[in-house]
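Just below is one structure, and these are the notes that go with it.
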Amino acid sequence: MADKNNKKIFLWSGPRNISTALMYSFAQRNDTIVADEPLYAHYLSHSSAKPFHPGADEILSNMETDGRKVIEWMLGDQSKPVAFFKNMSHHLIKLDWQFMQAGANIILTRSPEEMLLSFSKVIDQPSMADIGYAMQIELLDYFKTKKLPFVVLDAKMVLQDPEGQLRKLSTVVGIPFMQEMLKWKQGPIPEDGIWAKYWYRNVHLSTGFQPYQKKKVEFPNHLVPLLKECQPIYENLVKHAL
């Protein structure tokens, strides 16, 4: 059962969607604890993705692989009034989504052209199952069907106006905005997942949300089919953006 003394915030992101920066932002709040992708090991143990993820063996040996137990932990009592759970949407495979009724749900999305360029630097040939868009549209439909409140954040809009977007987000999820959310110290934080060394270099070099800049890089031909598959999903999601 959910503990009524804690406000739960569930972030459902795709990879390379500034989700780590958003986690760092919430980690600056003195009333909030953050958790970094608690369902990652569940995903690796229930999918065929393990060979493509750096550090997979270490993740599987150090994290809970039973997603039901992870959900039970997320719904339990936490040490601060607000609990922010950074999750990847595609980590939700083979799980009952009913627990989402116990908290505020945020879908964090990003232009697939920009996301795929960034993601392919670590995993060269991603599939739709790796990048979250398909699961995010399922989440959107689920929230509508169940009449659950939700919010969609677009990464570009957050980078263009961090304070404005975070103020709106705070209001929607029912917490006060704090100016501290806009800045953090350079380097890792204790809550980082053990995969941080493979994925978090740019966040560790940052001290806040980086100004939006469109990348002037030629898009790889081998990712064009996946881009075409993702683009209409993104356009549907962003219609609901904060």
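With my numbering as the guide, the letters of the sequence shown map in order to residues 20 to 261.
Every residue, glycine too, gets a C-beta built ideally from N, C-alpha and C.
The structure presented is a predicted model; accordingly, all values stated were derived computationally and were not measured.
* What residue range is occupied by the uninterrupted beta strand (DSSP E) comprising I142? -> On the sequence shown, position 123 is the one that residue 142 refers to. For I142, no beta strand (DSSP E) run applies, since DSSP gives it neither H nor E.
* To do: Please say whether M147 and R35 have beta carbons closer to each other than 8 Å?
  => Numbered from its first residue, the sequence shown carries residue 35 at position 16. Numbered from its first residue, the sequence shown carries residue 147 at position 128. No, these two residues do not count as a Cβ contact at 8 Å.
* To do: Grab me the residues of Y152's own chain with a C-beta within less than 7 Å of its C-beta, minus the 5 sequence neighbours each way, in chain order.
  => Here residue 152 corresponds to residue number 133 of the sequence shown, with the count starting at 1. Result list for Y152: G33, P131, C249, I252 and Y253, in chain order.
* **Between the CA atoms of K258 and S66 - distance to the nearest angstrom** => Translated into positions along the sequence shown, residue 66 becomes position 47. Translated into positions along the sequence shown, residue 258 becomes position 239. Between the C-alpha atoms of S66 and K258 there is a straight-line separation of about 30 Å.
* Asked: So, I156 versus L94, is the Cβ gap smaller than 8 Å?
  -> Residue mapping note: residue 156 aligns to position 137 of the sequence shown, counting from 1. Residue mapping note: residue 94 aligns to position 75 of the sequence shown, counting from 1. Not closer than 8 Å, so no.
* Asked: For K202, which three-state DSSP category applies?
  -> Against the sequence shown, residue 202 aligns to sequence position 183. If DSSP states are grouped into helix, strand and coil, K202 belongs with the strands.
* **Local Cβ density within 10 Å of R220, reported as buried at 16 or more and exposed below that** => What you label residue 220 is simply residue 201 of the sequence shown in a count that begins at 1. An exposed status is given to R220, since fewer than 16 other beta-carbon atoms sit within 10 Å of its beta-carbon.
* Kindly indicate which three-state DSSP category D160 falls into: helix, strand or coil? => Looking up residue 160 in the sequence shown gives position 141. Of the three classes helix, strand and coil, the one that applies to D160 here is helix, per DSSP.
* Please classify K26: does DSSP put it in a helix, a strand, or coil? => Mapped onto the sequence shown, residue 26 falls at position 7. In the structure shown, K26 sits in a strand (DSSP, three-state: E or B).
* To do: Name the residue from I112, Q198 and V192 whose alpha carbon lies nearest to the alpha carbon of L158.
  => Here residue 158 is taken as the residue at index 139 of the sequence shown, counted from 1. Looking at the Cα atoms, I112 is the closest of the given residues.
* Beta-carbon separation of A260 and L172 under 8 Å? -> Mapped onto the sequence shown, residue 260 falls at position 241. Mapped onto the sequence shown, residue 172 falls at position 153. A contact, by the Cβ cut-off of 8 Å.
* Do I208 and Y43 have their CB atoms nearer than 8 Å? -> The count along the sequence shown starts at 1 and reaches residue 208 at position 189. The count along the sequence shown starts at 1 and reaches residue 43 at position 24. Yes, the Cβ-Cβ distance between I208 and Y43 is below 8 Å.
* Would the beta-carbon of E182 fall within 8 Å of that of R48? -> Numbered from 1 along the sequence shown, position 163 holds the residue referred to as residue 182. Numbered from 1 along the sequence shown, position 29 holds the residue referred to as residue 48. No, they are not a contact pair.
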